[in-house]
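Report on the following structure.
Numbering (our numbering), first residue to last: 296 to 414.
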């Protein structure tokens, strides 16, 4: 495939993806209330761009017309949702309970000893 053909192919793929995304987003905005399903933040036309359509099963090709695979999430809750989903396994990463240590590695544990040695 030549460079020009590849560029045309990629441009068409991007165009089709944009059309697909616009279609289900517009449909979801008609069906569901403009409220984040996690934090309850409400949206208006002024800030609607900050409301995302999240696929509950993480499959962007699963777009039933009744909207049963979609939920509206604000950009912050959407990032948090995808931050805890492991694409490789299809499972959610368990978050540590509040107040418990979440890090097992301390990158500065030996810093004080290193500073003493430099003096």
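Glycine is no exception: its CB is placed at the ideal position from the N, C-alpha and C atoms.
Item to complete: For residue 377, count neighbouring C-beta atoms within 10 Å of its own C-beta (all shown protein chains included) and say buried if the count is 16 or more, exposed if not.
Response: Indexing the chain shown from 1 puts residue 377 at position 82. So residue 377 ends up on the exposed side.
Item to complete: Go ahead and pull the three-state DSSP assignment for residue 372.
Response: As a position in the chain shown, residue 372 is number 77, starting the count at 1. Three-state result, residue 372: helix.
Item to complete: State the start and end residues of the unbroken beta strand (DSSP E) segment that holds residue 423.
Response: In the structure as shown, the chain starts at 296 and stops at 414, and residue 423 therefore has no counterpart that could be examined.
Practice prompt. Output the distance between the C-alpha atoms of residue 352 and residue 359, rounded to the nearest integer angstrom.
Written response: For the purposes of this step, residue 352 is identified with residue 57 of the chain shown, where counting begins at 1. For the purposes of this step, residue 359 is identified with residue 64 of the chain shown, where counting begins at 1. Distance between the alpha carbons of residue 352 and residue 359: 12 Å.
Worksheet item: Quick one, are the C-beta atoms of residue 297 and residue 367 less than 9 Å apart?
Response: In the chain shown, the residue the question calls residue 297 occupies position 2. In the chain shown, the residue the question calls residue 367 occupies position 72. Taking 9 Å as the Cβ cut-off, residue 297 and residue 367 do not qualify as a contacting pair.
Worksheet entry | Backbone CA spacing between residue 303 and residue 370 [nearest angstrom] | Taking the first residue of the chain shown as position 1, residue 303 is located at position 8. Taking the first residue of the chain shown as position 1, residue 370 is located at position 75. So the alpha carbons of these two residues sit roughly 31 Å apart.
Item to complete: Going by DSSP, name the residue or residues bridged to residue 366.
Response: Looking up residue 366 in the chain shown gives position 71. Beta-bridge pairing links residue 366 to 349.
Item to complete: Below 8 Å CB to CB, which residues in the same chain sit around residue 345 once its five sequence neighbours on both sides are set aside?
Response: Position 50 of the chain shown holds residue 345. The residues are 338, 369 and 370.
Practice prompt. Kindly give me the distance between the Cβ atoms of residue 348 and residue 320, rounded to whole angstroms, as I take these residues to be in contact under 8 Å.
Written response: Taking the chain shown and counting its residues from 1, the one referred to as residue 348 is at position 53. Taking the chain shown and counting its residues from 1, the one referred to as residue 320 is at position 25. Confirmed, Cβ separation roughly 5 Å.
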